[in-house]
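A.B. asks: The sequence shown begins at 3 in our numbering and counts up by one.
All residues carry an ideal CB built from backbone N, CA and C; glycine is no exception.
The structure displayed is predicted, hence computed values, not measured ones.
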Amino acid sequence: MERMMEFGLGDIETVANWFWQHTGDYSVFAFHGEMGAGKTTFIKTLCRVKKVTDVVTSPSFSLVNEYRLPDGGSIFHIDLYRLRDEEEARMAGIEDILYGGSLCFVEWPDKAPGIFPPHTLPVHLVALPDASRQIKLESPSDV
Numbered sequence: 003m004e005r006m007m008e009f010g011l012g013d014i015e016t017v018a019n020w021f022w023q024h025t026g027d028y029s030v031f032a033f034h035g036e037m038g039a040g041k042t043t044f045i046k047t048l049c050r051v052k053k054v055t056d057v058v059t060s061p062s063f064s065l066v067n068e069y070r071l072p073d074g075g076s077i078f079h080i081d082l083y084r085l086r087d088e089e090e091a092r093m094a095g096i097e098d099i100l101y102g103g104s105l106c107f108v109e110w111p112d113k114a115p116g117i118f119p120p121h122t123l124p125v126h127l128v129a130l131p132d133a134s135r136q137i138k139l140e141s142p143s144d145v
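1. Figure out for me which residue from 43, 30, 13 has the closest Cα to the Cα of residue 140.
2. Under a three-way DSSP split, which group does residue 58 fall into?
3. Are the region 31 to 44 and the region 105 to 114 touching by the rule of at least three beta carbon pairs closer than 8 Å?
4. In angstroms with no decimal places, state the Cα-to-Cα distance between residue 94 and residue 63.
5. Could you say which of 56, 84, 83, 86 lies nearest to residue 72 if we only look at CA atoms?
6. With residue 24 as the anchor, note down where its alpha helix (DSSP H) starts and where it stops.
7. Using the Cβ count rule (16 or more neighbours within 10 Å means buried), how would you classify residue 59?
8. In this structure, how does DSSP classify residue 145 when only helix, strand and coil are distinguished?
9. Using 8 Å as the Cβ pair cut-off and three pairs as the minimum, do the region 112 to 122 and the region 81 to 94 touch?
Below is the structure:
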């Protein structure tokens with residue numbers, strides 16, 4: 003399964019709804035993309051569509067932000083950019099969060115690829131020359 007879409011900032015909420023319709027039973031999402039590709043902005047929109055009332059911010063310095071869902075569940079927003087390797091991610095408790103059953107959005111997953119559950123959905127965001135974005139969802143078997 004591979005699904006791809008191009009969008010502008012004005013369409014981001016529509017694309018977030020599309021995302022939730024096409025991600026099935028995945029709960030861990032590995033967001034790949036260069037700096038400025040729009041990972042955090044898209045994650046903020048995904049949280050808004052899920053009715054998160056907490057302020058959604060980049061966890062660049064805290065590593066992990068937890069946001070509450072209306073049903074009492076949580077979404078974990080994780081940023082691995084500042085970590086050196088998988089061991090540092092394990093020591094920070096990231097692996098435990100990923101296997102905990104909650105929704106998890108992880109930016110910079112290439113920093114610790116060995117800590118992810120097998121049923122992790124890779125999400126690729128690319129900034130295009132015309133300022134639009136491309137999103138691609140790949141099933142792990144496509145990678």
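C.D. replies: Judging by the given coordinates:
1. Closest option to residue 140, Cα to Cα, is 30.
2. Looking at residue 58 - three-state DSSP - the assignment turns out to be coil, as it is neither helix nor strand.
3. Result yes; three or more Cβ-Cβ pairs closer than 8 Å.
4. The alpha-carbon atoms of residue 94 and residue 63 are separated by roughly 13 Å.
5. Nearest C-alpha to residue 72: 56.
6. Taken as a continuous stretch (DSSP letters only), the alpha helix (DSSP H) holding residue 24 covers 14 to 24.
7. Taking every protein chain shown into account, the CB of residue 59 has fewer than 16 other CB atoms within 10 angstroms, so this residue is exposed.
8. Because residue 145 carries a pLDDT of 41, less than 50, the predicted location of this residue cannot be relied on, and no value is offered for it.
9. Cβ pair count under 8 Å is three or more, so yes.
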